[in-house]
Amino acid sequence: MTDFYEQVMLLTVSLLSNGLSAMAGGGAGLLQLPALIFLGLPFSMALATHKIATVALGAGATLKHAQERHTRLPFALLMLTAGLPGVVLGANTILSIPETIAKIALGVLTISLGLYSFFRNKLGQHYRPKNRGWKGYIVGACGLFLLGFFNGSLTSGTGLFVTIWLVSWFGYDYKRATAYTMILVGLFWNGTGALTLALLTPVKWPWLPMLLLGSLIGGYGGAHIAVKYGNPFIKRVFEIVTILVGISLIMSA
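In terms of this note's numbering, the sequence shown is residues 457 to 709.
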(Lines of atoms letter the chains of each structure in order from A; the text may use other names.)
(Lines give C-alpha, C1' and ligand atoms only; values in the text may rest on other atoms or scores of the structure.)
Protein backbone atom coordinates (compact mmCIF):
# COMPACT_ATOMS: atom_id res chain seq x y z
CA MET A 457 0.00 0.00 0.00
CA THR A 458 2.92 2.31 0.67
CA ASP A 459 4.00 2.05 -2.95
CA PHE A 460 0.43 2.74 -4.09
CA TYR A 461 0.14 5.95 -2.06
CA GLU A 462 3.59 6.99 -3.21
CA GLN A 463 2.57 6.60 -6.85
CA VAL A 464 -0.68 8.52 -6.25
CA MET A 465 1.28 11.34 -4.62
CA LEU A 466 3.71 11.45 -7.55
CA LEU A 467 0.85 11.65 -10.05
CA THR A 468 -0.95 14.37 -8.07
CA VAL A 469 2.14 16.53 -7.65
CA SER A 470 3.03 16.11 -11.31
CA LEU A 471 -0.47 17.08 -12.48
CA LEU A 472 -0.58 20.23 -10.33
CA SER A 473 2.94 21.46 -10.98
CA ASN A 474 2.91 20.85 -14.72
CA GLY A 475 -0.61 22.22 -15.16
CA LEU A 476 0.46 25.49 -13.53
CA SER A 477 3.66 25.51 -15.56
CA ALA A 478 1.79 25.14 -18.85
CA MET A 479 -0.49 28.04 -17.92
CA ALA A 480 2.31 30.35 -16.74
CA GLY A 481 5.05 29.43 -19.19
CA GLY A 482 7.36 27.74 -16.69
CA GLY A 483 7.85 26.85 -13.04
CA ALA A 484 7.17 23.09 -12.96
CA GLY A 485 9.91 22.64 -10.39
CA LEU A 486 7.97 24.74 -7.86
CA LEU A 487 6.20 21.65 -6.48
CA GLN A 488 7.69 18.69 -8.29
CA LEU A 489 11.38 18.96 -7.42
CA PRO A 490 10.89 19.67 -3.68
CA ALA A 491 8.38 16.80 -3.55
CA LEU A 492 10.93 14.36 -5.00
CA ILE A 493 13.50 15.50 -2.45
CA PHE A 494 10.91 15.23 0.35
CA LEU A 495 10.17 11.65 -0.72
CA GLY A 496 13.80 10.76 -0.15
CA LEU A 497 15.81 11.38 -3.30
CA PRO A 498 19.18 13.14 -3.10
CA PHE A 499 19.31 16.45 -4.96
CA SER A 500 21.21 15.24 -8.03
CA MET A 501 18.92 12.22 -8.55
CA ALA A 502 15.80 14.32 -7.93
CA LEU A 503 16.99 16.92 -10.46
CA ALA A 504 17.70 14.33 -13.17
CA THR A 505 14.36 12.56 -12.55
CA HIS A 506 12.49 15.89 -12.58
CA LYS A 507 14.15 17.00 -15.82
CA ILE A 508 13.18 13.78 -17.61
CA ALA A 509 9.59 14.06 -16.38
CA THR A 510 9.22 17.65 -17.61
CA VAL A 511 9.85 16.51 -21.18
CA ALA A 512 6.32 15.09 -21.12
CA LEU A 513 5.10 18.54 -20.04
CA GLY A 514 6.50 19.91 -23.28
CA ALA A 515 4.92 17.07 -25.23
CA GLY A 516 1.50 17.63 -23.66
CA ALA A 517 1.59 21.38 -24.20
CA THR A 518 2.84 20.89 -27.76
CA LEU A 519 -0.22 18.80 -28.60
CA LYS A 520 -2.44 21.75 -27.71
CA HIS A 521 -0.37 24.67 -29.01
CA ALA A 522 0.27 22.90 -32.33
CA GLN A 523 -3.47 22.99 -32.95
CA GLU A 524 -3.52 26.77 -32.40
CA ARG A 525 -0.50 27.45 -34.68
CA HIS A 526 1.00 30.08 -32.36
CA THR A 527 4.61 29.33 -33.37
CA ARG A 528 6.71 29.79 -36.51
CA LEU A 529 9.56 27.51 -37.57
CA PRO A 530 12.28 30.18 -38.17
CA PHE A 531 11.95 31.57 -34.65
CA ALA A 532 11.74 28.07 -33.19
CA LEU A 533 15.05 27.26 -34.91
CA LEU A 534 16.58 30.40 -33.40
CA MET A 535 15.57 29.26 -29.91
CA LEU A 536 17.04 25.81 -30.52
CA THR A 537 20.29 27.04 -32.05
CA ALA A 538 20.91 29.64 -29.34
CA GLY A 539 19.56 27.75 -26.35
CA LEU A 540 20.66 24.12 -26.67
CA PRO A 541 24.45 24.75 -26.33
CA GLY A 542 23.70 26.69 -23.13
CA VAL A 543 21.57 23.82 -21.80
CA VAL A 544 24.37 21.27 -22.31
CA LEU A 545 26.95 23.60 -20.73
CA GLY A 546 24.69 24.30 -17.76
CA ALA A 547 23.83 20.63 -17.15
CA ASN A 548 27.53 19.78 -17.11
CA THR A 549 28.15 22.58 -14.61
CA ILE A 550 25.38 22.16 -12.02
CA LEU A 551 26.69 18.96 -10.42
CA SER A 552 30.06 20.53 -9.58
CA ILE A 553 29.12 23.94 -8.07
CA PRO A 554 27.44 25.03 -4.79
CA GLU A 555 23.77 25.81 -5.31
CA THR A 556 22.86 28.00 -2.31
CA ILE A 557 23.99 31.38 -3.65
CA ALA A 558 22.63 30.61 -7.11
CA LYS A 559 19.23 29.67 -5.65
CA ILE A 560 18.96 32.84 -3.57
CA ALA A 561 19.97 35.06 -6.49
CA LEU A 562 17.60 33.26 -8.85
CA GLY A 563 14.80 33.46 -6.27
CA VAL A 564 15.15 37.22 -5.87
CA LEU A 565 15.32 37.71 -9.64
CA THR A 566 12.29 35.46 -10.21
CA ILE A 567 10.20 37.42 -7.70
CA SER A 568 11.26 40.62 -9.44
CA LEU A 569 9.94 39.20 -12.73
CA GLY A 570 6.50 38.70 -11.21
CA LEU A 571 6.49 42.21 -9.72
CA TYR A 572 7.71 43.70 -13.01
CA SER A 573 4.85 42.04 -14.88
CA PHE A 574 2.33 43.02 -12.18
CA PHE A 575 3.17 46.72 -12.38
CA ARG A 576 3.22 46.73 -16.20
CA ASN A 577 -0.48 46.35 -16.87
CA LYS A 578 -0.21 46.18 -20.66
CA LEU A 579 2.83 43.89 -20.78
CA GLY A 580 2.27 40.93 -23.08
CA GLN A 581 -1.37 41.72 -23.76
CA HIS A 582 -0.88 42.41 -27.48
CA TYR A 583 1.40 40.98 -30.14
CA ARG A 584 3.72 43.83 -31.17
CA PRO A 585 6.85 42.44 -32.88
CA LYS A 586 10.09 44.34 -32.22
CA ASN A 587 13.87 43.87 -32.39
CA ARG A 588 13.53 41.82 -35.58
CA GLY A 589 16.64 43.22 -37.30
CA TRP A 590 19.96 41.37 -37.22
CA LYS A 591 21.16 43.29 -34.13
CA GLY A 592 17.94 42.46 -32.33
CA TYR A 593 18.26 38.79 -33.19
CA ILE A 594 21.90 38.68 -32.04
CA VAL A 595 21.06 40.22 -28.65
CA GLY A 596 17.99 37.97 -28.42
CA ALA A 597 20.07 34.88 -29.22
CA CYS A 598 22.65 35.81 -26.56
CA GLY A 599 19.83 36.12 -24.05
CA LEU A 600 18.46 32.72 -25.07
CA PHE A 601 21.93 31.13 -24.72
CA LEU A 602 22.24 32.50 -21.18
CA LEU A 603 18.74 31.29 -20.32
CA GLY A 604 19.61 27.90 -21.81
CA PHE A 605 22.59 27.72 -19.43
CA PHE A 606 20.30 28.51 -16.49
CA ASN A 607 17.80 25.93 -17.74
CA GLY A 608 20.44 23.21 -17.74
CA SER A 609 22.04 24.20 -14.44
CA LEU A 610 19.24 25.43 -12.17
CA THR A 611 16.25 23.61 -10.81
CA SER A 612 13.12 25.60 -11.57
CA GLY A 613 11.75 28.84 -12.90
CA THR A 614 13.93 29.23 -15.99
CA GLY A 615 10.99 28.74 -18.36
CA LEU A 616 9.45 31.82 -16.75
CA PHE A 617 12.54 33.82 -17.71
CA VAL A 618 12.25 32.64 -21.31
CA THR A 619 8.59 33.67 -21.41
CA ILE A 620 9.28 37.18 -20.11
CA TRP A 621 12.30 37.53 -22.44
CA LEU A 622 10.14 36.71 -25.47
CA VAL A 623 7.50 39.19 -24.28
CA SER A 624 9.82 42.07 -23.38
CA TRP A 625 12.52 41.77 -26.07
CA PHE A 626 10.72 40.32 -29.09
CA GLY A 627 7.27 41.80 -28.44
CA TYR A 628 5.27 38.58 -28.18
CA ASP A 629 2.05 38.48 -26.23
CA TYR A 630 1.83 36.01 -23.35
CA LYS A 631 -0.12 33.46 -25.36
CA ARG A 632 2.49 33.20 -28.12
CA ALA A 633 5.43 33.45 -25.70
CA THR A 634 4.02 30.65 -23.56
CA ALA A 635 3.56 28.48 -26.65
CA TYR A 636 7.21 28.90 -27.63
CA THR A 637 8.37 28.24 -24.07
CA MET A 638 6.30 25.12 -23.62
CA ILE A 639 7.29 23.62 -26.97
CA LEU A 640 10.94 24.64 -27.30
CA VAL A 641 11.96 24.78 -23.65
CA GLY A 642 9.61 22.12 -22.32
CA LEU A 643 10.29 19.59 -25.05
CA PHE A 644 13.71 20.31 -26.56
CA TRP A 645 15.71 22.24 -23.95
CA ASN A 646 14.49 20.04 -21.09
CA GLY A 647 14.99 16.93 -23.21
CA THR A 648 18.61 17.86 -23.88
CA GLY A 649 19.20 18.72 -20.22
CA ALA A 650 17.54 15.48 -19.11
CA LEU A 651 19.71 13.39 -21.41
CA THR A 652 22.87 15.15 -20.24
CA LEU A 653 21.99 14.72 -16.55
CA ALA A 654 20.96 11.08 -17.04
CA LEU A 655 24.45 10.37 -18.38
CA LEU A 656 26.04 12.03 -15.34
CA THR A 657 23.92 10.94 -12.37
CA PRO A 658 21.45 8.14 -11.41
CA VAL A 659 17.73 8.46 -12.17
CA LYS A 660 14.79 7.08 -10.14
CA TRP A 661 13.31 5.12 -13.03
CA PRO A 662 10.41 3.44 -11.10
CA TRP A 663 8.93 6.88 -10.34
CA LEU A 664 8.99 8.13 -13.91
CA PRO A 665 5.80 6.51 -15.29
CA MET A 666 3.51 8.47 -12.92
CA LEU A 667 5.57 11.63 -13.27
CA LEU A 668 5.49 11.40 -17.06
CA LEU A 669 1.75 10.71 -17.09
CA GLY A 670 1.06 13.69 -14.82
CA SER A 671 3.34 15.92 -16.92
CA LEU A 672 1.64 14.92 -20.16
CA ILE A 673 -1.91 15.42 -18.88
CA GLY A 674 -1.02 18.53 -16.87
CA GLY A 675 0.83 20.06 -19.82
CA TYR A 676 -2.08 19.56 -22.20
CA GLY A 677 -4.68 20.68 -19.65
CA GLY A 678 -2.73 23.77 -18.62
CA ALA A 679 -2.13 24.77 -22.23
CA HIS A 680 -5.84 24.29 -23.00
CA ILE A 681 -6.81 26.62 -20.13
CA ALA A 682 -4.23 29.21 -21.20
CA VAL A 683 -5.46 29.22 -24.80
CA LYS A 684 -9.10 29.40 -23.69
CA TYR A 685 -8.77 32.32 -21.27
CA GLY A 686 -6.10 34.31 -23.11
CA ASN A 687 -3.46 36.88 -22.24
CA PRO A 688 -4.96 38.56 -19.12
CA PHE A 689 -5.38 35.17 -17.42
CA ILE A 690 -1.91 33.96 -18.44
CA LYS A 691 -0.37 37.21 -17.17
CA ARG A 692 -1.91 36.79 -13.71
CA VAL A 693 -0.93 33.13 -13.47
CA PHE A 694 2.59 34.05 -14.58
CA GLU A 695 2.86 36.65 -11.82
CA ILE A 696 1.58 34.31 -9.11
CA VAL A 697 3.82 31.43 -10.17
CA THR A 698 6.96 33.59 -10.48
CA ILE A 699 6.54 34.95 -6.96
CA LEU A 700 5.86 31.48 -5.53
CA VAL A 701 8.82 29.98 -7.40
CA GLY A 702 11.06 32.77 -6.14
CA ILE A 703 9.97 32.25 -2.53
CA SER A 704 10.41 28.50 -2.92
CA LEU A 705 13.96 28.89 -4.25
CA ILE A 706 14.99 31.23 -1.41
CA MET A 707 13.47 28.94 1.24
CA SER A 708 15.10 25.82 -0.23
CA ALA A 709 18.47 27.56 -0.16
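From the three backbone atoms N, C-alpha and C, an ideal C-beta is built for every residue, glycine too. Nothing here was measured: the structure is a model prediction, and the numbers come from that model.
Problem - N- and C-terminal bounds of the alpha helix (DSSP H) containing S665 - result: Going by the sequence as given, residue 665 is Pro instead of Ser. Run containing P665: L664 to S708, per the alpha helix (DSSP H) assignment.
Exercise for the section: Determine the extent of the alpha helix (DSSP H) in which Y593 is found, giving its start and end residues. Expected result: W590 to S609
Problem - Alpha carbon of G627 to alpha carbon of G514, nearest angstrom - result: 23 Å
Exercise for the section: Report the rounded CA-to-CA distance for G475 versus G678, giving the unit in angstroms. Expected result: 4 Å
Practice task
May I have a chain-ordered list of the alpha helix (DSSP H) segments no shorter than 4 residues that lie completely inside the region 526-569?
Solution key: 529-550
Exercise for the section: Measure the alpha-carbon distance for A654 versus V511 and round it to whole angstroms. Expected result: 13 Å
Handout entry: Selected residue, minimal CA-CA separation from V623, among I696, A522 and N587
Key = N587
Practice task
May I have the straight-line CA-CA distance separating G546 from C598, to the nearest angstrom?
Solution key: 15 Å
Practice task
Would you identify the three-state DSSP class for V659, choosing helix, strand or coil?
Solution key: coil
Problem - Alpha-carbon spacing of F605 relative to N646, whole angstroms - result: 11 Å
Problem - Closest by C-alpha distance to N548, when choosing among I699, T652 and L579 - result: T652
Exercise for the section: Can you tell me the Cβ-Cβ gap for G516 and L602, rounded? I've got them flagged as a contact below 8 Å. Expected result: So it is not a contact: roughly 27 Å between Cβ atoms.
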